[in-house]
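Visitor: Residue numbers for the sequence shown follow our numbering, beginning at 350 and rising by one.
Every residue gets a Cβ at the ideal spot worked out from N, C-alpha and C, and that includes glycine.
Structure provided below as structure tokens; questions to follow.
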Amino acid sequence: GKAIMSEKSCTIRTRKFITNRLLERKQFVIDVLHPNRASVSKEELKEKLAKIYNVQDPKCIFLWGFKIAFGGQKSTGFGVIYDNLNAAKKSLSKHLLLREGIIQKQAGKLARKAGKERKNKVKKVRGKEKAEVRTGKAVAKKKKE
């Protein structure tokens with residue numbers, strides 16, 4: 350049978366470590382060596398990075414773009430550690446902030462396709478009906494007699 354490995358450890362190495370003062374962050378490429386396991390969760394990596402670089406708030410650590418090497422055992426990704434959350438909100442892309450739950454999705458905003466469909470419906474009607482279509486009310490078609 351297969352030998353069951355109980356050890357589930359992983360080793361973290363950072364390369365190209367830069368302290369970016371303008372964006373109030375430290376940025377780096379992160380290599381994770383994880384033999385005997387598929388991959389390592391971002392949460393676990395954040396905890397370990399917080400210990401290594403003694404970060405008070407692990408929410409200031411953002412990791413993305415991980416690629417697992419062919420054959421496994423090693424992943425490479427990108428990471429940043431912000432000095433504070435405000436600095437992160439200023440310069441980090443929206444989808445990464447959303448993923449971490451730091452900002453919320455705008456309520457009531459239509460999906461891109463739905464918005465375009467509505468716009469094109471509005472183009473087809475005239476006068477007062479335009480407003481009704483814009484607010485999402487269905488317009489009864491007039492029968493031609």
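1) So, helix, strand or coil for Leu382, using DSSP?
2) Curious, which full-length alpha helix (DSSP H) runs of at least 4 residues does the stretch 362 to 450 contain?
3) For Val404 and Arg483, what's the separation of their Cα atoms in angstroms?
4) Tell me the rounded alpha-carbon separation between Ile430 and Glu478.
5) Within 10 angstroms of the Cβ of Gly428, are there 16 or more other Cβ atoms? Answer buried if so, exposed if not.
6) What do you get for Ser424, buried or exposed, if any count of 16 or more other CB atoms within 10 angstroms of its CB means buried?
Guide: Inspection of the coordinates gives the following:
1) Reading the sequence shown from its first residue, position 33 is the one you call residue 382. Looking at Leu382 - three-state DSSP - the assignment turns out to be strand.
2) 391 to 401, 434 to 440 and 443 to 448
3) Position 55 of the sequence shown, counting from 1, holds the residue named residue 404. Position 134 of the sequence shown, counting from 1, holds the residue named residue 483. Between Val404 and Arg483, the C-alpha separation is close to 49 Å.
4) Your numbering for residue 430 matches position 81 in the sequence shown. Your numbering for residue 478 matches position 129 in the sequence shown. Their Cα atoms are separated by approximately 52 Å.
5) As a working mapping, residue 428 is identified with position 79 in the sequence shown. With 16 or more other Cβ atoms within 10 Å, it is buried.
6) In the sequence shown, counting from the first residue as 1, residue 424 sits at position 75. Label assigned to Ser424: buried.
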